[in-house]
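Enquirer: Supplied in structure tokens, the structure appears directly below.
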Amino acid sequence: MRRSLRSQRLVCVGSLTGLVSLGLLALTAPRPSYTEGSARVRVRGKCNSCHKQSGEGWKGSPHQTAWTNPTFAKLSDEHAKTACLGCHAPDSLQGTGVGKEPAVRDSVQDSGVDCAGCHQDAESKIHGSSGLKSQDHEVVVDTKLGTVEMCGSCHSKYGTVEELKATKYANDPKACVTCHMSVEERPLVDDGAVRKAHSHSFRSKDNAELLKKGLALEAKAEGGKLVVTLTSKEVGHKVPSGFDTKQVVLEVTLGDLQKTAILTKNGDGGDTRLAPGATFTFEVPTEGKKGKATVRVLHKPSADASAEETKVMLTAEADV
């Protein structure tokens, strides 16, 4: 009986020790990351263990899909053109040097331009602009974060930064993020205080608010024709900007009549893109047709872009 009681006491003590050990492990275990069964969007490292809302904003963005989108696969010959790769799966910009084109990283390339690409340096310190402290990692206050110089590390390659320097925005070091990283209110970390922070969705061609501010589309019938105008009001670069295959298409439909005009850098007419402050006019003879004309402004990453890749930027209607 004594042995039995002693055995039971040992079992109880052993069980209690095990529970205490498990409790300590639970307290000291790292926060979960996507690699440990989390439903959070995939990034390198464990950024999303604390910064869920930033990650959710970035999910589906042009930065997140920079490596995986079909247009890039086609234009880079299925990732064979090495000159294209560094900006679509960059190693740390902080490590390469802000303003310099980054090297391509050798891991998790399908997460595109991710958190570490812009925020983490070679010593794993996290660069930010808020100055807030963190118990999980060292924070470096970085005045170059979100500047034109930083964005230009990749976006100067096809002339976007040079286009910007020829506009009224030339002396604004934060001109890029002012439009493409709008300010929103959200916690910086999970369960943290709500504060003002920049969105990481990088939406532009499908951002109705931004497009309404930047471009004006008008259509009116006069003298047997439909006159369509597209004006660049508050855009700091040409439309479209970026790599040469991009197109902005003005599409006019009136019954069975359909006409298009293409704004692009490699079109038959050379560089037909819309410059900052300029107006493009498209006149379409109505051929005696009556009805409601529909005008759409479409953004296509390439001439043969699929319907899924084509974005409707603006629409307008006019009675003919």
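Heads up, the sequence shown is in the working numbering, so the first residue is 873 and it goes up one at a time. Ideal Cβ positions, reconstructed from N, Cα and C, are used throughout, including at glycine. All values derive from a computational prediction rather than experimental measurement.
1. Considering just the uninterrupted stretch of the alpha helix (DSSP H) at S1025, what are its terminal residues?
2. Would you report the Cα separation of G1096 and P1112, rounded to the nearest angstrom?
3. How would you call A1091, buried or exposed, if buried means at least 16 neighbouring beta carbons within 10 angstroms?
4. Exposed or buried, what is E1180 when buried is set at 16 or more other beta-carbons lying within 10 Å of its beta-carbon?
5. Using 10 angstroms around the beta-carbon of Q1130, count the other beta-carbons present and answer buried if the total reaches 16, otherwise exposed.
6. Among all the DSSP beta bridges, which residues are the ones paired with S1103?
7. Can you find the residues in the same chain that come closer than 6 Å, C-beta to C-beta, to H935, ignoring five residues on each side of it along the sequence?
8. Please specify which runs of the alpha helix (DSSP H), each continuous and at least 4 residues long, are wholly inside the stretch 943-991, giving them in chain order.
9. Got a sec? Which residues, its chain only, sit under 7 Å from D982 by beta carbon, not counting five neighbours each side?
10. Please classify L1146: is it buried, with 16 or more other beta-carbons within 10 angstroms of its beta-carbon, or exposed?
11. With 16 as the cutoff for other CB atoms within 10 Å, does S979 come out buried or exposed?
12. Which first and last residues belong to the alpha helix (DSSP H) in which V1033 is found?
13. For L1098 versus V1184, is the C-beta distance shorter than 7 Å?
14. To which residues of the same chain is L899 closer than 7 Å at the C-beta, ignoring the five residues directly before and after it?
15. Comparing alpha-carbon positions, which option in V1120, A1080, G1108 lies nearest E1034?
16. Using the C-alpha atoms, what's the distance from A1042 back to E1123?
17. Within 10 angstroms of its Cβ, does G895 collect 16 or more other Cβ (buried), or is it exposed?
18. In chain order, what residues of the same chain lie with their CB nearer than 7 Å to the CB of Q1007, ignoring the 5 residues before and after it?
19. Helix, strand or coil for H1109, going by three-state DSSP, please let me know.
20. Between G1000 and F1152, what straight-line distance do the alpha-carbon atoms span, to the nearest angstrom?
21. So, are the CB atoms of E1057 and K1068 less than 7 Å apart?
22. I need the DSSP call for E995, collapsed to helix, strand or coil.
23. Name, in chain order, the residues that DSSP records as bridge partners for E1181.
24. Would G932 be called buried (16 or more neighbouring beta carbons within 10 Å of its own) or exposed?
Expert: Answer, in terms of the structure:
1. For the purposes of this step, residue 1025 is taken as residue 153 along the sequence shown, with counting starting at 1. Counting along the chain, the alpha helix (DSSP H) containing S1025 begins and ends at 1020-1027.
2. On the sequence shown, position 224 is the one that residue 1096 refers to. On the sequence shown, position 240 is the one that residue 1112 refers to. Each residue's Cα considered, the two are about 30 Å apart.
3. Against the sequence shown, residue 1091 aligns to sequence position 219. Under this definition A1091 is a buried residue.
4. Mapped onto the sequence shown, residue 1180 falls at position 308. Under this definition E1180 is an exposed residue.
5. As a working note, residue 1130 is residue 258 in the sequence shown. By the neighbour-count rule (16 or more Cβ atoms within 10 Å), Q1130 is not buried but exposed.
6. The residue given as residue 1103 occupies position 231 in the sequence shown. For the record, residue 1103 in the displayed sequence is Thr; it is not Ser. Paired residues: A1088, T1151.
7. Translated into positions along the sequence shown, residue 935 becomes position 63. Within the same chain, H935 has close Cβ partners G984, V985, F1074.
8. 954-957, 965-968, 987-991
9. For this step, residue 982 is matched to residue 110 along the sequence shown. Within the same chain, D982 has close Cβ partners W939, T940.
10. Translated into positions along the sequence shown, residue 1146 becomes position 274. Buried: at least 16 other Cβ atoms inside 10 Å.
11. For this step, residue 979 is matched to residue 107 along the sequence shown. By the neighbour-count rule (16 or more Cβ atoms within 10 Å), S979 is not buried but exposed.
12. Within the sequence shown, numbered from 1, the residue matching residue 1033 stands at position 161. Taken as a continuous stretch (DSSP letters only), the alpha helix (DSSP H) holding V1033 covers 1032-1037.
13. Locating residue 1098 in the sequence shown gives position 226, where the first residue counts as 1. Locating residue 1184 in the sequence shown gives position 312, where the first residue counts as 1. Going by C-beta atoms, L1098 is not nearer than 7 Å to V1184.
14. Translated into the one-based positions of the sequence shown, residue 899 becomes position 27. Here the model assigns L899 a pLDDT of 33, short of 50, so the residue's position is not dependable, and the following value carries that caveat. Contacts found: none.
15. Residue numbering aside, residue 1034 sits at position 162 when the sequence shown is read from its first letter. If we check each option's Cα against that of E1034, G1108 comes out closest.
16. Walking along the sequence shown from the start, residue 1123 turns up at place 251. Walking along the sequence shown from the start, residue 1042 turns up at place 170. When rounded, the distance between both Cα atoms is 32 Å.
17. Sequence index remark: in the sequence shown, residue 895 carries index 23 (1-based). Note that G895 scores a pLDDT of 35, beneath 50, so its modelled location is shaky and nothing firm can be said.
18. To locate residue 1007, count along the sequence shown from 1; it is residue 135. Once the five neighbours on either side are set aside, Q1007 has no close Cβ partner at all.
19. Residue 1109 sits at position 237 when you count from the first residue of the sequence shown. In this structure, H1109 counts as coil in the three-state DSSP scheme.
20. Along the sequence shown, one-based indexing puts residue 1000 at 128. Along the sequence shown, one-based indexing puts residue 1152 at 280. Going by the C-alpha atoms only, they are around 40 Å apart.
21. Within the sequence shown, the letter at position 185 stands for residue 1057. Within the sequence shown, the letter at position 196 stands for residue 1068. A contact, by the Cβ cut-off of 7 Å.
22. For this step, residue 995 is matched to residue 123 along the sequence shown. E995 falls in the coil class under three-state DSSP.
23. For the purposes of this step, residue 1181 is taken as the residue at position 309 of the sequence shown. In the DSSP output, where bridge partners are listed per residue, E1181 has none listed.
24. Mapped onto the sequence shown, residue 932 falls at position 60. Burial call: exposed.
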